[in-house]
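Down below is the structure, laid out as structure tokens.
Here you go:
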């Protein structure tokens, strides 16, 4: 789960990482009130996307009236596919230098990794590899002070800034660990008036660990249908095509999408019904797909734990409740496939044995 | 020969009295796995499928030789169960559990390293040494002995491809599931190393997917260290950027972990990459 900038900064404050003075506003009046305590200010759209500046989502203002005008411009605006619902109004910093600092996961080292660069502010993927400092952190030791000093030195910091940086890094790591983050990023971390300040925040929390962080704000990125599927324990992602897909298992679902594309079709979703899904769950999954109004539905089941007769029964259940207005192509193989295929035959549906044949048929039907 | 596990491997099932635990214990026994005991807190003295249940891993290892443990434990408790097995001296710990917080996975793996334990998973289907031993959840019927080694990040996709191999009369030595999460214990390089050493394995199938850099790391390793032919299939060619395709690891972020990048790296290392899953047996026939 990604957090909005202001949420990340609230957490930074809690972890003693300095952030600019300011506050959040959902109305123009609130924006004016926050700006009243500041001189020069910046009004920043709160959306889950980077490069807000280039998209016109960040405005520099002076005084209450300008702040209100900026907020009025930004609030409700559609920015990079997101609706701006809040703006963060903050003091404008007199920036002397910008750095990049982040902690994230390194899958190959199976450890947290610190990323730091003196080339802050820019998009991080644009920073050349040789300008990036990487340090894998021992899970047992965490970040020790020497590491802060070492990275600060490599970044060219000196004097009190070394101490400040070390404190920020230790606190950032504590936050990363305690909040089950996948990413904590400060870009840029700036020197302003002789102090290091986190001018922006990007925080992503591990979805699998949200159950132990009930106090965090909930940010929903999923569409309504995706949320509904998620509640059913299904993994569902909406795509742009017209062939609805259901399979059991993430890998095989991805492979099914790939095959559809290989034969010139366009999948309208990714739906992994998981292993061992019950008749009810499978039926609900089918209902979700029907609601998206596809041209064809392709069900690809390699039964292991999932039983083919359960899948066939789910189809029959849905078919009883509502007329299925689109052709359904089913591939059934594995556990109890004979029972499943026989059941479907009663309803005039021929099940395919291979993924290849089923995919070809689905694409052909979608093109009719 | 098979790698990691064989007919002599003595297996403990953690969470054996639960729904999943008891169901899969039966399946594994049917396959021929040598399960010697199970654990379930507060249920010591009971039996499941005729195997004794202990409260803790440490009391199980006091009474039995245990070479490997498999966890059928819900995600919030998986870390503790894995640490318990590692601390009790079990040398191979297989974590089937999905949705284990990634920081928990890192702690499990760090402790395993300290104790010299191999962790498979989390979020793995386990491993099967065909005809000898299955520690995991795949359907029994597709895993027949042969000379192909399979290593994969994905469950059902592996069953699909192993099923295709079986149809083509090609059996497997060992099939290893690495797990679909971003941080997992065993990786491609570990398994490729074992397959390269294993005399019976004549060719290797790698099943990968988008996200992360493990296929690229494997490609780099294959260049200098693997002499046996390798055939790969990668899922996720059509996946859009920034959308997580079921597995926590299957996401293209900031242009990293793309399908194209992985195919390029593997091809450069001499790996034959199948475009569709059912082409894997054909490619294998060409290189064998």
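Protein chains in written order, with our numbering: chain F, 7 to 374; chain X, 44 to 331. Beta carbons: idealized from backbone N, C-alpha and C, even for Gly. On a predicted model such as this, the values are computed, not experimentally measured, just so you know.
For residue 302/X, report the span of its alpha helix (DSSP H) as first-last. On the second chain, position 259 is the one that residue 302/X refers to. Here the alpha helix (DSSP H) through residue 302/X covers 302-311.
Can you find a heavy atom of the ligand HEM that lies under 7 Å from the Cβ of residue 47/X? Absent from the structure shown: the ligand HEM. Ligands present: none.
Have a look at 180/F, 10/F, 157/F and flag the residue whose alpha-carbon is nearest the alpha-carbon of residue 171/F. For the purposes of this step, residue 171/F is identified with residue 165 of the first chain, where counting begins at 1. Closest option to residue 171/F, Cα to Cα, is 157/F.
Quick one: is residue 131/F near chain X, going by C-beta distance under 8 Å? Counting from one through the first chain, the residue named residue 131/F turns up at place 125. It does: the Cβ of residue 131/F has a partner Cβ on chain X nearer than 8 Å.
Given residue 130/F, which residues of its chain have a CB within under 7 Å of its CB, disregarding the five upstream and five downstream residues? Here residue 130/F is taken as the residue at index 124 of the first chain, counted from 1. Excluding positions up to five away in sequence, the list reads 106, 193.
For the structure I just gave you, are there three or more beta carbon pairs, one from the segment 289-305 of chain F and one from the segment 329-339 of chain F, closer than 8 Å? yes
Does residue 218/F come out as helix, strand or coil in the three-state DSSP assignment? Locating residue 218/F in the first chain gives position 212, where the first residue counts as 1. DSSP places residue 218/F in helix when its eight states are reduced to three.
Host beta strand (DSSP E) of residue 266/X (start-end): Start at 1 with the first residue of the second chain, and residue 266/X comes out as number 223. First-last for residue 266/X: 257-268, but that is the alpha helix (DSSP H), not the beta strand (DSSP E).
Of the listed residues 314/F, 79/F, 275/F, nearest to residue 245/F (C-alpha basis): Locating residue 245/F in the first chain gives position 239, where the first residue counts as 1. Nearest of 314/F, 79/F, 275/F to residue 245/F, Cα basis: 275/F.
I'd like to know whether the C-beta of residue 225/X is nearer than 8 Å to at least one C-beta of chain F. As a working note, residue 225/X is residue 182 in the second chain. Yes, because at least one Cβ of chain F sits closer than 8 Å to the Cβ of residue 225/X.
Applying the criterion that 16 or more other CB atoms from any shown protein chain within 10 Å of the CB defines a buried residue, is residue 52/F buried or exposed? Residue numbering aside, residue 52/F sits at position 46 when the first chain is read from its first letter. Burial call: buried.
For the segment 92-111 of chain F, enumerate the residues whose C-beta is nearer than 8 Å to any C-beta of chain X, in chain order. 111
Can you confirm whether the segment 90-107 of chain F touches the segment 20-39 of chain F when touching is taken to mean that 3 or more C-beta pairs between the two stretches lie within less than 8 Å? yes
Listing by chain order, which chain X residues have their CB less than 9 Å from the CB of residue 268/F? Residue mapping note: residue 268/F aligns to position 262 of the first chain, counting from 1. The contacting residues are 280, 281, 318, 319.
Contact check, residue 340/F vs residue 182/X under 8 Å by CB: the rounded distance? In the first chain, counting from the first residue as 1, residue 340/F sits at position 334. In the second chain, counting from the first residue as 1, residue 182/X sits at position 139. Correct: roughly 6 Å between the Cβ atoms.
Per the DSSP calculation, residue 94/F is bridged to which residue(s)? Along the first chain, one-based indexing puts residue 94/F at 88. Paired residues: 30/F, 50/F.
Just curious, the beta strand (DSSP E) that residue 324/X is in, first and last residue? The sequence position of residue 324/X within the second chain is 281, counting from 1. Here residue 324/X belongs to no beta strand (DSSP E); instead the alpha helix (DSSP H) covers 323-330.
How big is the Cα-Cα spacing for residue 121/F and residue 344/F? As a working note, residue 121/F is residue 115 in the first chain. As a working note, residue 344/F is residue 338 in the first chain. Rounded to the nearest angstrom, the two C-alpha atoms are 55 Å apart.
Along the chain, where does the beta strand (DSSP E) containing residue 210/F start, and where does it finish? In the first chain, the residue the question calls residue 210/F occupies position 204. Its beta strand (DSSP E) spans residues 208-211.
Listing by chain order, which chain F residues have their CB less than 7 Å from the CB of residue 286/X? Counting from one through the second chain, the residue named residue 286/X turns up at place 243. Contacts between residue 286/X and chain F, judged by CB atoms closer than 7 Å, involve 243 in chain order.
Environment of residue 146/X [buried if 16+ CB atoms lie within 10 Å]: Here residue 146/X refers to the residue found at position 103 when the second chain is read from its first residue. It counts as buried.
For a minimum of 4 consecutive residues, which ranges assigned as the alpha helix (DSSP H) are wholly contained in the segment 131-174 of chain F? 151-160
From residue 228/X to residue 177/X, what does the alpha carbon distance come to, in whole angstroms? Position 185 of the second chain, counted from the start, is the residue given in the question as residue 228/X. Position 134 of the second chain, counted from the start, is the residue given in the question as residue 177/X. Their backbone Cα atoms lie some 18 Å apart in a straight line.
Would you kindly check if the distance between the Cβ of residue 55/X and the Cβ of residue 129/X is under 8 Å? Position 86 of the second chain holds residue 129/X. Position 12 of the second chain holds residue 55/X. No, the pair does not count as a contact, with Cβ atoms beyond the cut-off.
Determine whether the Cβ of residue 297/X lies closer than 8 Å to any Cβ atom of chain F. Locating residue 297/X in the second chain gives position 254, counting from the first residue. It does: the Cβ of residue 297/X has a partner Cβ on chain F nearer than 8 Å.
Within this structure, are the beta carbons of residue 258/F and residue 327/X separated by less than 8 Å? For the purposes of this step, residue 258/F is taken as the residue at position 252 of the first chain. For the purposes of this step, residue 327/X is taken as the residue at position 284 of the second chain. Their beta carbons are not under 8 Å apart, which means residue 258/F does not touch residue 327/X by this criterion.
Would you kindly check if the distance between the Cβ of residue 18/F and the Cβ of residue 109/F is under 8 Å? Sequence index remark: in the first chain, residue 109/F carries index 103 (1-based). Sequence index remark: in the first chain, residue 18/F carries index 12 (1-based). No, they are not a contact pair.
Any idea if residue 167/X is buried or exposed, counting beta-carbon neighbours within 10 angstroms, 16 or more meaning buried? Within the second chain, the letter at position 124 stands for residue 167/X. Classification for residue 167/X: buried.
Candidates 220/F, 217/F, 166/F: closest to residue 199/F by CA position: For the purposes of this step, residue 199/F is taken as the residue at position 193 of the first chain. It is 166/F.
With residue 250/X and residue 235/X assumed to form a contact (beta carbons below 8 Å), what rounded beta-carbon distance in angstroms separates them? Here residue 250/X refers to the residue found at position 207 of the second chain. Here residue 235/X refers to the residue found at position 192 of the second chain. Contact doesn't hold; Cβ gap of about 13 Å is too wide.
Over the uninterrupted beta strand (DSSP E) stretch that includes residue 66/F, give me the two end residues. The residue labelled residue 66/F in the question sits at position 60 within the first chain. Under the DSSP assignment, residue 66/F falls in the beta strand (DSSP E) whose first and last residues are 64-68.
Taking only beta-carbon positions, decide if residue 273/F is within less than 8 Å of chain X. In the first chain, counting from the first residue as 1, residue 273/F sits at position 267. At least one chain X Cβ lies under 8 Å of residue 273/F.
CB of residue 260/X within 8 Å of CB of residue 294/X, strictly: For this step, residue 260/X is matched to residue 217 along the second chain. For this step, residue 294/X is matched to residue 251 along the second chain. Their beta carbons are not under 8 Å apart, which means residue 260/X does not touch residue 294/X by this criterion.
Just to make sure I have the definition right: I need the residues of chain X whose C-beta is within less than 7 Å of the C-beta of residue 116/F. Which are they? Residue mapping note: residue 116/F aligns to position 110 of the first chain, counting from 1. Contacts between residue 116/F and chain X, judged by CB atoms closer than 7 Å, involve 149, 152, 226 in chain order.
Candidates 133/F, 298/F, 112/F: which alpha carbon is nearest residue 252/F's? Locating residue 252/F in the first chain gives position 246, counting from the first residue. With distances taken between Cα atoms, residue 252/F lies closest to 298/F.
Is there at least one Cβ from chain X nearer than 8 Å to residue 145/F's Cβ? Indexing the first chain from 1 puts residue 145/F at position 139. Chain X, which has a Cβ nearer than 8 Å to the Cβ of residue 145/F, makes this yes.
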